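In terms of full-length UniProt numbering, the sequence shown opens at residue 1 and continues consecutively.
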Amino acid sequence: MQTQAYNLYGQQNKITLELQNQTVKHLIDRVENETDYKFVYMIKDVDVNRIINIKMKNGTIEKLLQKTFENTPIRYQIKGKQILLMLKKEKETTTLLSEKKTPVLFTTTTAKDNQESITGTVSDSIGPIADVLVSVKATGVYVITDENGNYAIEASPGDILVFSNPGYDTLEIPVGNKTVVNARMQQNITDLKEVIVNAGYYKVKEQERTGSISKITAEEIGNQPVNSPLDALIGRMTGVDIIPNSGLAGSGFQVRVRGQNSIAAGNEPLYIVDGVPYDAGSMGDRSVSGTVFYLNNISPLNTLDPSTIASIEVLKDADATAIYGSRGANGVVLITTKNGKPGKTVFSVDASTTLISATRFLKLLNTEQYLQMRREAFINDGITEYPSNAYDINGTWDQNRYTDWQKEFMGNIAYNNTIRASASGGNEQTLFSIGGSFMKETTVFPGDFNYKRTTAFANISHQSKNNRFTLQFSANYGLDRNFLPATDLSRRARILPPNAPKLYDDNGNVNWENNTFDNPLSELNATYRNESANLMANTTIGYKIIKGLEFKTNVGYNRSDLTELQLNPHTRFNPAWGLTSQSSSTVKNEGNRNSWIIEPQLDASYKLGDGRLNVIIGSTFQQQNEDRFAVLALGFANNSFMTNLSAANELQIINEASTQYRYIAFYGRINYNWKQKYIVNLTGRRDGSSRFGPGQQFANFGAVGAAWIFSKEEFLKNTSFLSFGKLRASFGTSGNDQIGDYQYLNNYTITDADYGGNIGLSPSRLFNPYYAWEENRKYEGALEVGLLKDRINLEIAYYTNRSKNQLIGVPLPGTTGFSSIHANLDATVENSGWEVNVRTENFRRKDFKWSTSFLLTLPKNKLISFEGLENSTYANQLVLGMPISVSRLYHLTGVNPQTGLFEFEDYNGDGIISSLDRQYNIDMTPKFYGSISNSFQYKNWNLDFMFQFVKKKGLNELSYTESPGMMLNTSTSVLDHWQNPGDHAFMQMYTTGWNYDAYAAYSRFGSSNAIISDASFIRLKSLSLSYRLPLDKEGQPKVTLFVQGQNLWTITKFKGGDPEQMIGFLPPMKRVMFGFRMEL
């Protein structure tokens, strides 16, 4: 058979074939394998063994069916990609269900005496489904649902009803004693346009959305060996840039949805988990966790097991985010957890072991190169006799010894062991899913350090028999414990001299090499511990008052608790110092955050003319309380008491805060869909936030979105190559209140000084009653097309976001006693860019499928305006017309061949190199980023892999090192250095630090364009290979074996550690997972 492109809504499939003495079954199989059509029929009605002879050239699918079934009792009906084969009307009995559309009952059997009329409604997560085939499994009776999803059929109490429709899992429901059997069908979609997308307060089909929403499914998440939901999103969505802050388990992520909108306020998106807003801000204190986690970023989302997630949607444009008002400026991340499916209870267990290792190491000097550098440095500094503390070169340490300290401290293999168990199932009224997991992951550092996580979840949904009452409950609890070194050893591993002594002496004790060696192993005695618990619970109750009108209320609760300690015993120092436990110290931070939300909502949906009108009105009431307390404890009688702060000799309060955030909103949505062709979506919201000054606490936000599905126009219906086409556009406003609490009020800080035994207060912030909202205006236009029977799907979008009324520090005269005041300033930041999403089905047969996905984002960020920038505190940080992530640096012009020192451009021409000459601007915003994914399926085998690519600049290997020549190892890039007058080299002369001119020049070098390099990379981000064992008999457990990998291979010119995470902290890890999954 040869097939060409056809129109999805017509029957324009051109077919050329010749069949001689073949069966009807053979024809059906060929059509299903070589086209998008699927047949639905009763075996007892259709003689599939009948021999046929057909010859056709460039005929249609309709002509083929006519030839096949002419002069037989079978007739056909084509509905989209579904072909129904049914008995002709001469042998039919008919049941009328509605005047507008008549479901037809087909039967070849005689009605039984005990049969009754069974009625019901078939629906999915959006609403009723038309054209569902409802059949009686044993008798051969079947009907088709009408446009409202209703059906009526004759069946006996012992019968089983079978519900089938393309894009959905087949559902079987026993009749029993019921006369009303409602069915909820679960999506199993191959047609991307039929995917149901969660937009927060409502759901919409992919083909009918007017906003920009990206989605990742449970299957895509499950194909990655990740611990965090955010890790699973990397490279999977256009316009969403996610960077891990560390390779350690339990660390956080930097997430940017379409760029950085605010200069000083928060830029993180809003997170919603099962309808509950989730504050993903770190509760960690920098004094406790800042030395092990970058920016003490500990994400509470880490307590959520990715395997429990059904989907993650990211809302990006105004149409999608405006309904979230002040919280939607930076995008919205919607996380939906899994629920059960109708049918028998399914028990699932999976277990896995993951091998974890570092992705890349720096190229550092070996012992010979290092000692030569040191010798030259002393000569350049005019030092003829090596100092007594220059142990590496004065003969104290073995000058022939070499240790690769990166492999010693970061080259170990870590392990992750995970086990999960769950049960799910239900019937047409009630669905459930419960389960839990346990995970333990070690580190690549020496020592018994680990991260443990325990989770439990429960999801229950119920609907009454008459479909009027619905109840949805979900709860997730996560507890994680992290035990790590108090300091990330990555930087120490990179700067330790290569001939430093061995770590252990001959007796197996920590080696101090006669007090000449500050052994890094001693740092492992200083530890960091945290325990984080998170509970999320949500209940949604709905009641359909009348047809088309439903009232529902969402009630949610979230509580997060964090306790973290940094223990610094005296044993982290050389015993020769004579320290005791009286020198030991503990830093402890405790934080808890709890919030509740209530959202009553009224949904109305009616037919209006040839279209459907949907209206939503609702309100939000939310409150969040947060308490933090950090204290330093000094001196203990014994180190075993270090976790008991009451045993300390002295306590010093580092930080203490108690805040309350209140939020109220009223929102609405009006959507009109005319003939599934012209769609208009209006959203609006009025927000009130306690974070702003009196009279500034309320603001209005809104958006309009529209879509035209032009492929449904009559003049395009018969176009052979175009199967789907849509234009959409949106405009609107959203806000940003990520500014912390009480920023507009007078703030006071407790001082160390006292007066007459009384502790005083010092003013730290001025009152500003005009403190108001940032406003983000968003514009977007997009084209979506499906070509060649949707074998090629393309989406191209252009967006522009402008954030105004920036909340930043405004400088004040010194006479006020304050350097600045937090206020709104007339500064505007613009983010714009193109997003391209291409998905193709390259090959599709019964036993073999191959699909490809290509994602590309080309972002731009720039500061459009900033009144009084030159006199502000940002004068040396920001540049008009440049991104707000710009780096203002000295411009290195080279090394002076005569002096051997770095030279820099004197921008102001005053003959002096000073901070005023930091005028060389480098854009640190990625030029583009994206991914290429491929998915292969052959029988029981599945292979998926994704390459991530990024074009950007980053801080290189010289950005964190001291001047070459000091008692610190460094990159091999310094080998190209100046030695004698007349030399032309990249690096200036070596110095031990005693040459003031050389040291000062290198200090400027560390703030010059020389520390910025091309950090672009292509990375095999993820790979998954699985095999499903074949089933020998019904009821046998379904077993799947899998191997998965992450960060497996990287192509880059970057000479730093890892191009994704560049300075001083452990980079993302390479992970290889082996596991199995069993369902029973």
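The beta carbon of each residue, even a glycine, is placed where N, CA and C say it ideally should be.
If you're wondering where the values come from, they're calculated on a predicted model, not measured in any experiment.
In this structure, does DSSP put Glu-841 in helix, strand or coil?
Counting from one through the sequence shown, the residue named residue 841 turns up at place 841. Of the three classes helix, strand and coil, the one that applies to Glu-841 here is strand, per DSSP.
From Ala-152 to Gly-127, what distance separates their C-alpha atoms?
Indexing the sequence shown from 1 puts residue 152 at position 152. Indexing the sequence shown from 1 puts residue 127 at position 127. Distance from the CA atom of Ala-152 to the CA atom of Gly-127, rounded to whole angstroms, is 18 Å.
Whole-angstrom distance between Thr-991 and Leu-489, CA atom to CA atom
Within the sequence shown, numbered from 1, the residue matching residue 489 stands at position 489. Within the sequence shown, numbered from 1, the residue matching residue 991 stands at position 991. Between Leu-489 and Thr-991, the C-alpha separation is close to 26 Å.
Using a Cβ-Cβ cutoff of less than 6 Å, which residues in the same chain neighbour Val-204 once the five nearest sequence positions on both sides are dropped?
Locating residue 204 in the sequence shown gives position 204, counting from the first residue. Hits under 6 Å: Val-197.
Expressed to the nearest angstrom, what Euclidean distance is found between the alpha-carbon atoms of Lys-552 and Asp-231?
For this step, residue 552 is matched to residue 552 along the sequence shown. For this step, residue 231 is matched to residue 231 along the sequence shown. Spanning the two alpha carbons is a distance of roughly 33 Å.
Could you give the residue range of the beta strand (DSSP E) that holds Ile-28?
Sequence index remark: in the sequence shown, residue 28 carries index 28 (1-based). Looking at the DSSP string, Ile-28 is not in any beta strand (DSSP E); the run it does join, the alpha helix (DSSP H), is 24–34.
Tell me where the beta strand (DSSP E) around Thr-354 begins and ends.
Numbered from 1 along the sequence shown, position 354 holds the residue referred to as residue 354. Taken as a continuous stretch (DSSP letters only), the beta strand (DSSP E) holding Thr-354 covers 343–358.
Output needed for Ser-491: all residues of its chain with C-beta closer than 6 Å, excluding positions within five of it in sequence on either side, in chain order.
Here residue 491 refers to the residue found at position 491 when the sequence shown is read from its first residue. It is Arg, not Ser, that sits at residue 491 in the sequence shown. Excluding sequence neighbours, Arg-491 sits near Gly-1064.
With a Cβ-Cβ cutoff of 8 Å, do Asn-805 and Asn-793 count as a contact?
As a first step, residue 805 is located in the sequence shown; it is residue number 805 there, counting from the start. As a first step, residue 793 is located in the sequence shown; it is residue number 793 there, counting from the start. Not closer than 8 Å, so no.
Under 8 Å by Cβ, that's how I've got Phe-724 and Ser-711 pegged, so tell me the actual separation to the nearest angstrom.
Here residue 724 corresponds to residue number 724 of the sequence shown, with the count starting at 1. Here residue 711 corresponds to residue number 711 of the sequence shown, with the count starting at 1. Going by Cβ atoms, the distance from Phe-724 to Ser-711 rounds to 5 Å, so yes, they are a contact pair.
Could you tell me which residues DSSP pairs with Met-1069 in its beta bridges?
If you number the sequence shown from 1, residue 1069 lands on position 1069. When beta bridges are read from the DSSP output, Met-1069 appears opposite Ala-358.
Backbone CA spacing between Ser-125 and Gln-187 [nearest angstrom]
Working through the sequence shown from its first residue, we reach residue 125 at position 125. Working through the sequence shown from its first residue, we reach residue 187 at position 187. Computed Cα separation, rounded: 9 Å.
Could you have a look at His-977 and say whether DSSP puts it in helix, strand or coil?
Residue 977 sits at position 977 when you count from the first residue of the sequence shown. In the structure shown, His-977 sits in a strand (DSSP, three-state: E or B).
Other residues of its chain near Arg-1077: CB distance less than 6 Å, five sequence neighbours each side excluded
Numbered from 1 along the sequence shown, position 1077 holds the residue referred to as residue 1077. Cβ within range, chain order: Asp-350 and Thr-1040.
Considering only C-alpha positions, which residue in the set Ser-287, Pro-1068 and Leu-634 is nearest to Ser-581?
Along the sequence shown, one-based indexing puts residue 581 at 581. Closest option to Ser-581, Cα to Cα, is Leu-634.
Suppose the cutoff is 8 Å on Cβ atoms and the five residues either side in sequence are ignored; what does the same chain contact list for Gly-833 look like?
Along the sequence shown, read from residue 1 onward, the residue named residue 833 stands at position 833. Gly-239, Arg-258, Gly-259, Tyr-798, Tyr-799, Thr-857, Leu-858, Pro-859 and Lys-860, listed in sequence order.
Starting from Ser-287, trace the alpha helix (DSSP H) in both directions and tell me its first and last residue.
Numbered from 1 along the sequence shown, position 287 holds the residue referred to as residue 287. Where Ser-287 is concerned, the enclosing alpha helix (DSSP H) stretches over 286–289.
Could you pull out every residue in the same chain whose Cβ sits closer than 6 Å to the Cβ of Val-1043, ignoring the five residues on either side in sequence?
Numbered from 1 along the sequence shown, position 1043 holds the residue referred to as residue 1043. Leu-1025 and Phe-1074, listed in sequence order.
Considering only residues of the same chain and omitting the five flanking positions on each side of Ala-414, which have a CB-CB separation below 6 Å?
What you label residue 414 is simply residue 414 of the sequence shown in a count that begins at 1. Taken in chain order, the residues that qualify are Ile-356, Thr-442, Thr-443 and Val-444.
Where do the N-terminal and C-terminal ends of the alpha helix (DSSP H) with Tyr-1002 fall, by residue?
For this step, residue 1002 is matched to residue 1002 along the sequence shown. Counting along the chain, the alpha helix (DSSP H) containing Tyr-1002 begins and ends at 996–1005.
Three-state secondary structure (DSSP) of Ala-318
Here residue 318 refers to the residue found at position 318 when the sequence shown is read from its first residue. It is helical.
Rank Ala-782, Gly-1056 and Phe-39 by C-alpha distance to the C-alpha of Ile-61 and give the top, closest one.
Residue 61 sits at position 61 when you count from the first residue of the sequence shown. Ranking the options by Cα distance to Ile-61, first place goes to Phe-39.
To which residues of the same chain is Gly-447 closer than 8 Å at the C-beta, ignoring the five residues directly before and after it?
One-based indexing of the sequence shown puts residue 447 at position 447. Excluding positions up to five away in sequence, the list reads Pro-485 and Leu-524.
Any chance you could list the beta strand (DSSP E) runs of at least 3 consecutive residues sitting entirely within the stretch 934–975, in chain order?
941–951 and 953–955
Beta bridge counterpart(s) of Arg-700 as assigned by DSSP
Position 700 of the sequence shown, counted from the first residue, corresponds to residue 700. Residue 700 is actually Asn in this sequence, not Arg. Answer by DSSP bridge pairing, in chain order: Arg-686.
For Leu-901, the nearest candidate out of Tyr-929, Pro-883, Ile-617 and Asp-983 (CA to CA)
Your numbering for residue 901 matches position 901 in the sequence shown. For the residues Tyr-929, Pro-883, Ile-617 and Asp-983, the minimum Cα distance to Leu-901 belongs to Asp-983.
Classify Ile-298 as helix, strand or coil using the three-state DSSP reduction.
Your numbering for residue 298 matches position 298 in the sequence shown. Of the three classes helix, strand and coil, the one that applies to Ile-298 here is coil, per DSSP.
Taking buried to mean at least 16 other C-beta atoms within 10 Å of its own C-beta, is Lys-407 buried or exposed?
Position 407 of the sequence shown, counted from the start, is the residue given in the question as residue 407. Exposed.
Residues of its chain near Lys-101, where Cβ-Cβ distance is below 6 Å and the 5 sequence neighbours each way are ignored:
By 1-based counting over the sequence shown, the position of residue 101 is 101. The predicted model places Lys-101 with a pLDDT of 41, which falls under 50 and marks its position as unreliable, so this point remains unresolved.
Starting from Lys-804, follow its DSSP beta bridges and name the residues at the other end.
Counting from 1 along the sequence shown, the entry for residue 804 is found at position 804. According to DSSP, Lys-804 bridges with Glu-775.
How long is the line joining the alpha carbons of Arg-75 and Leu-133, rounded to whole angstroms?
Here residue 75 is taken as the residue at index 75 of the sequence shown, counted from 1. Here residue 133 is taken as the residue at index 133 of the sequence shown, counted from 1. Taking the straight line from one Cα to the other gives about 16 Å.
Is there contact between the stretch 165–184 and the stretch 421–435, where contact requires at least three CB pairs shorter than 8 Å?
Judged by Cβ distances under 8 Å, the stretch 165–184 makes contact with the stretch 421–435, as three or more pairs qualify.
If you measure between the beta carbons of Thr-23 and Ile-51, is that distance less than 8 Å?
Working through the sequence shown from its first residue, we reach residue 23 at position 23. Working through the sequence shown from its first residue, we reach residue 51 at position 51. Yes, the pair counts as a contact, with Cβ atoms nearer than the cut-off.
May I ask you to report which of helix, strand or coil DSSP gives Met-373?
On the sequence shown, position 373 is the one that residue 373 refers to. Correct three-state label for Met-373: helix.
Which term fits Phe-843, buried or exposed, when burial requires 16 or more other beta carbons within 10 angstroms of its beta carbon?
Your numbering for residue 843 matches position 843 in the sequence shown. By the 10 Å Cβ count, Phe-843 comes out exposed.
Let me make sure I understand the geometry here. Which of Ser-931, Glu-903, Pro-694 and Gly-809 has the alpha-carbon closest to that of Asn-871?
Mapped onto the sequence shown, residue 871 falls at position 871. Among Ser-931, Glu-903, Pro-694 and Gly-809, the Cα nearest to that of Asn-871 belongs to Gly-809.
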